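Data block below; observations after.
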Amino acid sequence: MKSILRRELGSPLILGLVGSLFIALGSLAVGWLGPGSNVRSWAFIDALRSNVFLVHAATIVVIAASLLLVIAWLKLGVQLRSNPADALRRVIVAAGVWAVPLIVAVPLYSRDLFAYVGQGRLMVGGFNPYLDGISAIQGWFNIGVDPLWASAKTPYGPVYLWIEQVVVGSVGTSPITAVAIFRLIAVLGVAGIAFYAYRIARLRGLDPSQVLWLVLGSPIIMFNFIVGGHNDALMLAFLIAGMYYAMIKRPIIGTILVTLAIGVKPIALIALPVIGIIWAGQNRTVRSTIKYWVATAAISFAILGVLGYAMNVGFGWIFTLATPGAVAHWYAPINILAIGLGGAFGAVGLDGEIGANIIKYTAMALMAVIVVWLMLTKRNIDPMMRLSFAFAALVLSSAVIHPWYAAWVIVLFAVSGVRAGLQTHLIVSASIFFACVSIAEGMDISDAVQGDVGAAILRTVIISGGAIALIAAYCIHEDLSIALLRQRIREARQRWAVSRASTGTSRRASGRPASHPAKTLTKP
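Here it is as structure tokens:
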């Protein structure tokens, strides 16, 4: 009996539930609340937030509980591989159980939910969010919006602006109710992602349990879409649904759904050419591909145009796509290079900003080249992989990589099909890293606590140490030693050499020189 109880208490389901419960409890003291929120005056909340010791304790609790949820997710993945029986049900149940406490937690990891409230008030007040920042409305600071974005134009499409207007117009001056509704919309988005990810997995012959482990149970999804309530969940749901319907030969429905994704976040625009490629079929030509690109663009822009006209905001979102670029992240590769070249310029007496901009603009140009090549090449590249690599190029070329941007790439690659081995290890390691970055995004703690250098160092040590320990433990468990990786690289090279040799032999046997193979036109 004791062994059974010990095994059950150590199960991923229970570990993750404990983590989620403590995240929700800790959020009462350090979750984001607007400065003007009447919740702050509740006796229990006020007692928690006014006690420095309790705030310190709650901060550590949230960090530790978040790391525990990551551990539960990793342990669930190990169990699924070792015991695949009934794996799909176990993933869905675990993700659902973990999500329940998080749905009612005070917002953590991001303040974007409050930005949605502010933009909704702009819409209700007759302002144009593509021209006016949230600071245009009275009392904007009391909502809880991050001051960094107070004057920024919205980067969202007309569909989400309409949702913001309807939600805020329905609840009036209650930001807490509006925040709850926006989070519920994000949760529905996660459900949509899971539903269509499952259907695409079945369609493509992938293991649905492994796909849903990456796109439903992942801590990146839990932290950023369930707790953080980011509208990226809704964008991805429409995007993946659109790809699914295009794959089952319903391209018009697919185009409409991708248009809705663009209407939430315009970055989904990258998917339109992929819908056209699928619509053109296996035997497509350049002319037929262009024809279907024109058709998808015409349908999409007509819908967006009607929405923009009806809401009196037009196509303003086209001119605000660079809004998130106002910040930069230390871990973004382009930002690291930009800082390095900028520093080198400064060391020789030149303007460091010029050096940084050279890197950033070069990266943007390279990204554009990669995306255009992915859409134009006649190589036999799977459409979902085209889309996944296009999103990856976009994210990696940016100096800004929010954790929820990483979620785009991880979800799309998971749905495209991640092979066991190196591909899975990369996805899992990235998930651990960006989950820990999410934890470090900050919490709503008092100025007195924020100014405590010792506490700040302790938080940094716990998060950084946790991330390193989790990745190291995963590598050790999967036996990902440097020697083993080198051995696998050598094996891959040997297989490639054998493949080339056999190809050369077959060409010589057919009478064609191996060094000058006949040119063939590959199917898309």
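Following my numbering, the numbering of the sequence shown begins with 3 at its first residue and continues without gaps.
Every residue gets a Cβ at the ideal spot worked out from N, C-alpha and C, and that includes glycine.
Just so you know, these numbers come straight off a predicted model, no measurement behind them.
Closer than 8 angstroms by C-beta to residue i: which residues in its own chain qualify, once you throw out the five before and the five after it? Chain order, please.
{"i": "Tyr-246", "result": "Tyr-198, Arg-201, Ile-202, Leu-205 and Gly-256"}
{"i": "Ile-429", "result": "Leu-216, Ile-412, Phe-415, Ala-416 and Val-420"}
{"i": "Leu-306", "result": "Gly-159, Pro-160, Thr-261, Ile-264, Gly-265 and Phe-317"}
{"i": "Ala-180", "result": "Tyr-118, Val-119, Gly-122, Val-169, Val-170 and Val-173"}
{"i": "Asp-353", "result": "Phe-347"}
{"i": "Ile-341", "result": "Ala-358"}
{"i": "Asn-314", "result": "Asn-130"}
{"i": "Val-371", "result": "none"}
Could you pull out every residue in the same chain whose Cβ sits closer than 6 angstroms to the Cβ of residue i, ignoring the five residues on either side in sequence?
{"i": "Ser-29", "result": "Ala-107, Val-108 and Leu-110"}
{"i": "Arg-185", "result": "Gly-231"}
{"i": "Ala-239", "result": "Gly-191, Gly-194 and Ile-195"}
{"i": "Tyr-392", "result": "Position check: residue 392 holds Ala in this sequence, whereas Tyr was assumed. Taken in chain order, the residues that qualify are Ile-272, Val-373 and Leu-376."}
{"i": "Ser-153", "result": "Gly-135 and Ser-137"}
{"i": "Leu-339", "result": "Ile-361"}
{"i": "Asn-233", "result": "Tyr-162 and Val-266"}
{"i": "Ser-43", "result": "none"}
{"i": "Leu-115", "result": "Pro-109, Val-181, Phe-184 and Gly-231"}
Tell me whether the beta-carbon of residue i lies closer than 8 angstroms to the beta-carbon of residue j.
{"i": "Ile-178", "j": "Val-41", "result": "yes"}
{"i": "Arg-388", "j": "Val-229", "result": "no"}
{"i": "Ala-248", "j": "Leu-274", "result": "no"}
{"i": "Leu-368", "j": "Ser-211", "result": "no"}
{"i": "Thr-287", "j": "Ile-279", "result": "no"}
{"i": "Gly-468", "j": "Leu-69", "result": "yes"}
{"i": "Leu-218", "j": "Ala-243", "result": "no"}
{"i": "Ala-304", "j": "Tyr-294", "result": "no"}
{"i": "Pro-253", "j": "Asn-144", "result": "no"}
{"i": "Ile-441", "j": "Ile-470", "result": "no"}
{"i": "Ser-431", "j": "Ser-220", "result": "no"}
Might you give, ordered along the chain, the residues of its own chain that have their beta carbon closer than 7 angstroms to the beta carbon of residue i, omitting 5 neighbours on each side?
{"i": "Pro-326", "result": "With a pLDDT of only 46 at Pro-326, under the threshold of 50, the placement of this residue in the model should not be trusted, and no figure is reported."}
{"i": "Ser-400", "result": "Ala-334 and Ile-336"}
{"i": "Val-463", "result": "none"}
{"i": "Glu-166", "result": "Tyr-118, Gln-121, Gly-122 and Met-125"}
{"i": "Asp-346", "result": "Asp is not the amino acid found at residue 346; the sequence shown has Ala there. Result list for Ala-346: Gly-357, in chain order."}
{"i": "Gly-310", "result": "Pro-160, Gly-316 and Phe-317"}
{"i": "Tyr-237", "result": "Looking at the sequence shown, residue 237 is not Tyr but Met. Closer than 7 angstroms at the Cβ level, and outside the excluded window around Met-237, lie Ala-263, Val-266, Lys-267 and Ala-270."}
{"i": "Ile-47", "result": "Leu-30 and Val-41"}
{"i": "Ala-330", "result": "Asn-337, Ala-401 and Val-402"}
{"i": "Ser-176", "result": "none"}
Buried or exposed: residue i, going by 16 or more other Cβ atoms within 10 Å of its Cβ?
{"i": "Leu-150", "result": "exposed"}
{"i": "Gln-496", "result": "exposed"}
{"i": "Arg-461", "result": "buried"}
{"i": "Asn-85", "result": "exposed"}
{"i": "Tyr-407", "result": "buried"}
{"i": "Phe-321", "result": "exposed"}
{"i": "Arg-492", "result": "exposed"}
{"i": "Ala-26", "result": "buried"}
{"i": "Asn-382", "result": "exposed"}
{"i": "Arg-91", "result": "exposed"}
{"i": "Tyr-363", "result": "exposed"}
{"i": "Ile-459", "result": "exposed"}
{"i": "Pro-131", "result": "buried"}
{"i": "Ser-418", "result": "buried"}
{"i": "Leu-241", "result": "buried"}
{"i": "Ile-250", "result": "exposed"}
{"i": "Val-213", "result": "buried"}
{"i": "Ala-409", "result": "buried"}
{"i": "Ala-475", "result": "exposed"}
If residue i and residue j are in contact, beta carbons under 8 angstroms, what's the gap, nearest whole angstrom?
{"i": "Val-373", "j": "Ala-395", "result": "6 angstroms"}
{"i": "Arg-113", "j": "Gly-146", "result": "6 angstroms"}
{"i": "Ala-117", "j": "Asp-148", "result": "7 angstroms"}
{"i": "Ile-528", "j": "Leu-378", "result": "One cannot answer for residue 528 here, as it falls past the ends of the chain, which runs 3 to 526."}
{"i": "Ala-312", "j": "Ala-235", "result": "Actually they do not touch by this definition, with Cβ atoms about 25 angstroms apart."}
{"i": "Phe-24", "j": "Ala-59", "result": "Not a contact, Cβ separation roughly 11 angstroms."}
{"i": "Pro-14", "j": "Leu-56", "result": "30 angstroms between Cβ atoms; not a contact."}
{"i": "Val-32", "j": "Met-366", "result": "Going by Cβ atoms, the distance from Val-32 to Met-366 rounds to 37 angstroms, so no, they are not a contact pair."}
{"i": "Gly-127", "j": "Ile-139", "result": "6 angstroms"}
Measuring from the CB of residue i, is there a heavy atom of the ligand NAP at a distance below 7 angstroms?
{"i": "Val-397", "result": "In the structure on display, the ligand NAP does not appear, and there are no ligands present to speak of."}
Is any beta-carbon of chain D found at less than 8 angstroms from that of residue i?
{"i": "Gly-135", "result": "Absent here is chain D; the protein component of the structure consists of one chain."}
> Counting pairs of Cβ atoms below 8 angstroms between the region 212-226 and the region 429-438, do you hit three or more?
Replying inline: yes
>> Under 8 angstroms, with one C-beta from each stretch per pair, do the region 424-434 and the region 372-388 reach the 3-pair mark?
In response: no
>> If contact is defined by three or more beta carbon pairs under 8 angstroms, each pair taking one atom from either stretch, is the region 63-74 in contact with the region 13-31?
In response: yes
> Counting pairs of Cβ atoms below 8 angstroms between the region 86-95 and the region 48-63, do you hit three or more?
Replying inline: no
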